[in-house]
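First the structure, in the form of structure tokens, and then the observations on it.
Number of protein chains: 2
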Amino acid sequence: MTGPAKSSPEVEFWFEFGSNYSYLSVMRIEDAARRHGVRIAWKPFLLGPIFRALGMETSPFLIQKEKGAYMWQDMVRQCRKYGLRWRQPSSFPRLGVLPLRVALLGADKPWIGAFCCRVMELNFVLDQDINKAESLAPILTELDLPATDILNEAQAEPTKTRLREQTDEARTRGVFGAPTFFVGSEMFWGNDRLDDALLFASEQRS
Amino acid sequence: MTGPAKSSPEVEFWFEFGSNYSYLSVMRIEDAARRHGVRIAWKPFLLGPIFRALGMETSPFLIQKEKGAYMWQDMVRQCRKYGLRWRQPSSFPRLGVLPLRVALLGADKPWIGAFCCRVMELNFVLDQDINKAESLAPILTELDLPATDILNEAQAEPTKTRLREQTDEARTRGVFGAPTFFVGSEMFWGNDRLDDALLFASEQRS
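Here the protein sequences come in this chain order: G and C. Counting in our numbering, the final residue of the first sequence is number 1409, and the numbers go up one at a time with none missing. Counting in our numbering, the final residue of the second sequence is number 1409, and the numbers go up one at a time with none missing.
Structure (structure tokens):
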């Protein structure tokens, strides 16, 4: 669990549990960040309000049929490339507001990476509903965490408000999809830019 | 000029001179394909009719302001990464129907790569109109080619028809942006997938 020191450069990692390309980054980022000596600031947010603010009722992959069809092909190949398991979810995009709230509570905790990986696998490997307490409690318990307390806090008003505020911040900063990475004000969009973002962050060390 | 043998695996390279991400691939593909021992089938096509068929009046980068703003930032960094020169064009997306017709005529010729690179640099480095004979003639002449003959043939009806047909083929095969690569029926979208496409092609050799 020892990560880069507090003084290390940082990359902000904006992600959504319903987002398939966020799945790739969630699974890769801890190892990759360690190799670059970069700290991760985990930033869960809701894509739905972002898409709606941009005039889209749902995921662009549903709105643009051709791009959606391609994306499923691409995911098979990308997962093979990265050595990740993959099953196309029977429901897409899955609502992940509850696990996002939990991730918000855990953002600074040592269990954040493991928790996010498990939720992503629930969605993109096990093809299961990720938006209910019964799905998340076993994950938290397996991580030796007080599942009931965390899930209660996740569903309390202050947490809901914080997730809305974090989503507003994403929109204000020009986020239009996930995953998105920030190094200071420099924005990087998409799993394909994860390594570029980490390299850029590591070069900020002076 | 000696490229991979005729029996080598092939990647189809669908590109547009107005497309900024096509610029990156045009500049990179010949070296990269040589390294992988893969032949390139150059497939110029028009993006405009593809976007219109998908219900978009123009480039998605103009329609989605946020994504467009990001894209210009991304291009600066990508060009730096690949060691390419870059100037944001004062007109975007530039119409490139005439050079696309020339590229159609040259698709199987040894000069195709060099011609495409020069046109791309005219657009994305020198910020000049690429859609007129006076812009293209010096490029063809510098390549020791009969500029007048080629430009006449490019503007003749059969060439116009062929470019329309090639654009129809792109749409039929599910192309929704550029650059796009095909290895057989396997489609790869975007400059970020150039290396994946070449690797996939090279693995088809058995």
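Using N, Cα and C, we set each Cβ at its ideal position, and we do this for glycine too.
- A distance below 8 Å separates the beta carbons of C:Leu1301 and C:Lys1335.
- At a cut-off of 3 residues, the continuous stretches assigned as beta strand (DSSP E) that sit fully inside the stretch 1336-1402 of chain G are 1383-1386 and 1389-1392.
- Look at G:Lys1284 here: in three-state DSSP terms it is helix.
- With distances taken between CA atoms, G:Leu1343 lies nearest to G:Gly1316 out of G:Phe1295, G:Gly1316 and G:Glu1406.
- Restricting attention to alpha helix (DSSP H) runs no shorter than 4 residues, the stretch 1261-1308 of chain G encloses them at 1263-1266 and 1268-1285, ordered along the chain.
- Counted as a single uninterrupted DSSP element, the alpha helix (DSSP H) harbouring C:Arg1255 occupies residues Leu1250 to Ala1256.
- The beta carbon of G:His1239 sits closer than 8 Å to the beta carbons of Leu1401, Leu1402, Ala1404 and Ser1405 from its chain, once the five residues preceding and following it are set aside; these are given in chain order.
- For G:Arg1242, the enclosing beta strand (DSSP E) covers residues Arg1242 to Pro1247.
- DSSP places G:Phe1218 within a strand segment (E or B) once states are collapsed to three.
- It is roughly 38 Å from the alpha-carbon of C:Arg1365 to the alpha-carbon of G:Asn1223.
- Beyond the five residues adjoining it in sequence on each side, G:Tyr1285 comes within less than 8 Å, by CB distance, of Leu1227, Met1230 and Arg1231 in the same chain, given in chain order.
- Proximity of chain G to C:Asp1399 at the Cβ level (cut-off 8 Å) is accounted for by Arg1280 and Lys1284, in chain order.
- Beta-carbon to beta-carbon, G:Asp1330 and G:Pro1292 are separated by about 5 Å, close enough to satisfy the 8 Å threshold.
- Sixteen is the threshold: when 16 or more other Cβ atoms of the shown chains lie within 10 Å of the Cβ of G:Lys1270, as they do, the residue is buried.
- A residue is called buried once 16 or more other Cβ atoms fall within 10 Å of its Cβ, and G:Val1279, having fewer, is exposed.
- Excluding sequence positions up to five before and after C:Ala1350, its CB lies within less than 7 Å of the CB of Ala1340, Leu1343 and Thr1344, all in the same chain and listed in chain order.
- C:Pro1207 and C:Gln1407 do not touch by the CB rule: their CB atoms are close to 13 Å apart, not below 8 Å.
- Around C:Gly1387, no beta-carbon contact reaches into chain G at under 8 Å, the shortest distance being about 13 Å.
- Under a 10 Å Cβ-count criterion, C:Pro1313 is classified as exposed, with fewer than 16 other Cβ atoms of the shown protein chains found around its own Cβ.
- Counting along the chain, G:Arg1408 sits inside no alpha helix (DSSP H), nor does DSSP assign it H or E at all.
- Taken atom to atom, the span from the alpha-carbon of C:Gly1393 to that of C:Arg1374 is near 16 Å.
- For G:Asp1395, the chain C residues whose C-beta falls within less than 7 Å of its own C-beta are Asp1395, listed in chain order.
- Excluding its 5 nearest sequence neighbours in each direction, G:Leu1348 has C-beta neighbours in its own chain below 7 Å: Trp1314, listed in chain order.
- Following the DSSP letters along the chain, one finds G:Leu1325 inside the alpha helix (DSSP H) bounded by residues Ile1315 to Phe1327.
- For G:Asn1223, the uninterrupted alpha helix (DSSP H) run begins and ends at Asn1223 to His1239, by DSSP.
- The Cβ neighbour count for G:Asp1234, taken over all protein chains shown within 10 Å, is under 16; the residue is labelled exposed.
- Contact between G:Phe1379 and G:Leu1257 holds: their C-beta atoms lie close to 6 Å from each other, under 8 Å.
- Interface flag for G:Lys1335 against chain C is unset, since no Cβ pair is found closer than 8 Å.
- G:Pro1382 and G:Ser1225 do touch by the CB rule: their CB atoms are close to 5 Å apart, below 8 Å.
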